[in-house]
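See structure below.
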Amino acid sequence: MRLTPIDVQQQQFRRALRGFDSREVQAFLDLMAAQMGEMSRDNKELRNDVRRLERQLEEHKNREETLRQAMLTAQRAIDEIRDQAKKEAQIIVTEAEVRAEKILHNAHSRVIKVTDEVNDLRRQRVRAIEDLRGILNTHTKLLETYDAKEHENEVEGTVTVFEKVRPPSPPTICSDEAEAVG
Numbered sequence: 041m042r043l044t045p046i047d048v049q050q051q052q053f054r055r056a057l058r059g060f061d062s063r064e065v066q067a068f069l070d071l072m073a074a075q076m077g078e079m080s081r082d083n084k085e086l087r088n089d090v091r092r093l094e095r096q097l098e099e100h101k102n103r104e105e106t107l108r109q110a111m112l113t114a115q116r117a118i119d120e121i122r123d124q125a126k127k128e129a130q131i132i133v134t135e136a137e138v139r140a141e142k143i144l145h146n147a148h149s150r151v152i153k154v155t156d157e158v159n160d161l162r163r164q165r166v167r168a169i170e171d172l173r174g175i176l177n178t179h180t181k182l183l184e185t186y187d188a189k190e191h192e193n194e195v196e197g198t199v200t201v202f203e204k205v206r207p208p209s210p211p212t213i214c215s216d217e218a219e220a221v222g
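When we follow my numbering, the leftmost residue of the sequence shown carries the number 41, and every step to the right adds one.
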């Protein structure tokens, strides 16, 4: 059975002959009732404090759990973003490598094409020079032939003109005939 301050205050004792002084007993009971009342109030306040602190603790635990969940979610999001960024970076690198390979292939093809064109131009140049030399040789021969014929024709033309203009000359003696005459 639990005693309350009122129980202590209202407690009645039998009187005996040689018993305790009833005023002292009553004073002690009053003092004890007052202290029990104070202790009861303190106990009640402490219980209220405990309940309040338990609620706060529960709230803190809930907040902590919420924060932990938020941190886990944030970490997962960060990991996903990082993984996605790595994938995108890898895709970009791969695409860049493919483009670079195409550029190199095109450049190599272009170098081969330009080299072939240069070689063709060199062959054409050599052929053109050979053709020009042939043409020059042909024209030189033609000129030489022409000059000789022209000179021959000029001489014949001049001789013909002189022969027409000049009186007939006495017959010429050849050097063999002159020696024989002389």
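All residues carry an ideal CB built from backbone N, CA and C; glycine is no exception.
- Under the DSSP assignment, Gln50 falls in the alpha helix (DSSP H) whose first and last residues are 45-50.
- Secondary structure in the stretch 103-156: no alpha helix (DSSP H) run of 4 residues or longer lies completely within the stretch.
- Contact between the stretch 70-82 and the stretch 101-114 is absent: fewer than 3 CB-CB pairs across the two stretches fall below 8 Å.
- Taking C-beta atoms under 8 Å as the contact rule, Gln51 and Asp70 fail to qualify, at a distance of about 11 Å.
- In the structure shown, the three-state DSSP call for Leu57 is coil.
- When DSSP states are grouped into helix, strand and coil, Arg42 belongs to the coil group.
- A direct Cα-Cα distance of roughly 18 Å separates Leu176 from Gln164.
- A direct Cα-to-Cα measurement between Ser149 and Arg116 gives close to 48 Å.
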